[in-house]
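These notes concern the structure reproduced below.
Residue numbers (the UniProt record's numbering): 1 to 262.
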C-alpha cells in the first residue's frame, strides 16, 4: 500500500508539471504571434513612410516580400536569393475578374504577379489579409498575402473647409459637407451639403478608390457639392495627403478639396 501511494503521488506530480509545460508553451506561442503582428505593423508604418503603397509577404516556397510604390518602383526579395527591382510604369497591367495581373520582361527573365480580391491568412499571424498574391519568375511561383497600406489619420470625420483654396461659407449650405472614412468596413459616408451620401472605398496607399455613391433625395434650397461628388469622386481613384492637420483630396481635374478634422 505504501509503494502504491508513493507511485500515485509521483504520477500526480508528473501530471501537474505537464500542465505547466503546456500552458507555458501555449503562452509562448501566443506571445510569438503578438510580437509578429507588432513587428508587421511597424514594418507597414515604415514602408508607408518610404512611399510603399502595397506590401505583400509569404513563405511559399520560401520567405519573400513584395513592396510596390505606384509612383516609383517595385521591389521583390526572396530568401532563395532572388532580389529584383524595376519601375512600376514598366509593368503591363490587366484586370481580370476579381484580380489584377501585372507582367514585365527583362534580361533576367519574365516576371509577373497577380493580386486577387480574396481573403488570405498567414499561419504565424492573427490578422486576415484582403489580398491573395502570387509572384512568378520564370518557372517559380511564390504565394502569400498582401494589403494596400493606408494612413490611419484618414480614418476620421472630415468637414469641408475649402474648394481650391477658397473657403466655403457655411451659410451657403443646408449643412456643411463632410466625409467619414471607415477602414474596417471599407465605407465612406457623409453629406454633400444637402443629401446624405455613402459608398464603398478601398484605400490604396496615398490614393482612395471610391465606388458608386448612393444619395438621399432631399430637395436642396441651398448649395451642395453634388456635382463634384458625381463627376470627380464617383467611381474615381483620388489622391490624398495631409498638411498642417488638414486632409487634401486631389481630384482628376487638378482641383482640390480641403477638409478639417471634425
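Even for Gly, the Cβ is constructed at its ideal location relative to N, Cα and C.
* To do: Keeping to the same chain, check which residues put their C-beta closer than 6 Å to that of residue 243; ignore five residues upstream and five downstream.
  => Here residue 243 is taken as the residue at index 243 of the chain shown, counted from 1. Cβ within range, chain order: n/a, list empty.
* Asked: Exposed or buried, which one is residue 183 when buried takes at least 16 other CB atoms within 10 Å?
  -> The residue given as residue 183 occupies position 183 in the chain shown. Counting Cβ neighbours within 10 Å, residue 183 comes out exposed, since fewer than 16 surround it.
* To do: Find out if the Cβ-Cβ distance for the pair residue 138, residue 112 is shorter than 8 Å.
  => On the chain shown, position 138 is the one that residue 138 refers to. On the chain shown, position 112 is the one that residue 112 refers to. No, they are not a contact pair.
* Whole-number beta carbon distance between residue 116 and residue 132, since they are thought to touch under 8 Å -> Locating residue 132 in the chain shown gives position 132, where the first residue counts as 1. Locating residue 116 in the chain shown gives position 116, where the first residue counts as 1. Right, their Cβ atoms sit about 4 Å apart.
* Kindly identify the DSSP beta-bridge partner or partners of residue 194. => Counted from its first residue, the chain shown places residue 194 at position 194. BP columns for residue 194 are empty, so no partner.
* **One or two residues paired with residue 67 in a DSSP bridge** => Here residue 67 corresponds to residue number 67 of the chain shown, with the count starting at 1. Its beta-bridge partners are 55 and 75.
* Could you please give me the residues that DSSP links to residue 99 through a beta bridge? => One-based indexing of the chain shown puts residue 99 at position 99. 96 and 116.
* May I have the straight-line CA-CA distance separating residue 155 from residue 123, to the nearest angstrom? => Residue mapping note: residue 155 aligns to position 155 of the chain shown, counting from 1. Residue mapping note: residue 123 aligns to position 123 of the chain shown, counting from 1. Between residue 155 and residue 123, the C-alpha separation is close to 28 Å.
* Among 60, 218 and 199, which one has its Cα closest to the Cα of residue 140? -> Along the chain shown, one-based indexing puts residue 140 at 140. Answer by Cα proximity: 60.
* Asked: Under a three-way DSSP split, which group does residue 38 fall into?
  -> Here residue 38 refers to the residue found at position 38 of the chain shown. Confidence at residue 38 is low in this model, with a pLDDT of 44, below 50, so its placement is unreliable and the value that follows should be read with caution. Reduced to three states, the DSSP call for residue 38 is helix.
* Which one of 65, 134 and 226 has the shortest CA to CA distance from residue 179? -> Taking the chain shown and counting its residues from 1, one reaches residue 179 at position 179. The residue with the shortest Cα to Cα distance from residue 179 is 226.
* Asked: What is the DSSP secondary structure of residue 219, reduced to helix, strand or coil?
  -> Taking the first residue of the chain shown as 1, we reach residue 219 at position 219. Coil, per DSSP.
* To do: Determine the closest residue to residue 54 out of 105, 62 and 151, with distance taken between C-alpha atoms.
  => Taking the chain shown and counting its residues from 1, the one referred to as residue 54 is at position 54. Ranking the options by Cα distance to residue 54, first place goes to 151.
* Residues bridged to residue 257 [DSSP beta-bridge criterion] -> Translated into positions along the chain shown, residue 257 becomes position 257. Looking at the DSSP assignment, residue 257 forms a beta bridge with 163 and 249.
* To do: Report the partner residues of residue 140 according to the DSSP bridge assignment.
  => By one-based count along the chain shown, residue 140 stands at place 140. DSSP, once it has assigned bridges, lists 137 as partnering residue 140.
* Relative to the C-alpha of residue 118, which residue among 241, 105 and 134 is closest? -> Taking the first residue of the chain shown as position 1, residue 118 is located at position 118. The residue with the shortest Cα to Cα distance from residue 118 is 134.
* Touching by the beta-carbon criterion (3+ pairs, under 8 Å), the region 69-77 and the region 228-241 -> no
* Should residue 213 and residue 233 be called a contact, given that it needs their Cβ atoms to be closer than 8 Å? -> Residue numbering aside, residue 213 sits at position 213 when the chain shown is read from its first letter. Residue numbering aside, residue 233 sits at position 233 when the chain shown is read from its first letter. Cβ atoms of residue 213 and residue 233: closer than 8 Å.
* Asked: Buried or exposed: which applies to residue 52, given that a residue is buried once 16 or more other Cβ atoms fall within 10 Å of its Cβ?
  -> Against the chain shown, residue 52 aligns to sequence position 52. Buried, since its Cβ has 16 or more Cβ neighbours within 10 Å.
* Cβ pair residue 144, residue 67 closer than 8 Å -> As a first step, residue 144 must be located in the chain shown, where it is residue number 144. As a first step, residue 67 must be located in the chain shown, where it is residue number 67. Not closer than 8 Å, so no.
* Asked: Would you call the CB atoms of residue 193 and residue 217 closer than 8 Å?
  -> Against the chain shown, residue 193 aligns to sequence position 193. Against the chain shown, residue 217 aligns to sequence position 217. Not in contact: residue 193 and residue 217 (Cβ atoms no closer than 8 Å).
* Spatial distance of residue 136 from residue 102 (CA atoms) -> Position 136 of the chain shown holds residue 136. Position 102 of the chain shown holds residue 102. Using only the alpha carbons, I get a separation of about 10 Å.
* Asked: Quick one: Cα of residue 200 to Cα of residue 98, how far?
  -> Here residue 200 refers to the residue found at position 200 of the chain shown. Here residue 98 refers to the residue found at position 98 of the chain shown. Those two C-alpha atoms are separated by around 16 Å.
* **Beta-carbon gap between residue 129 and residue 204 smaller than 8 Å** => By one-based count along the chain shown, residue 129 stands at place 129. By one-based count along the chain shown, residue 204 stands at place 204. No.
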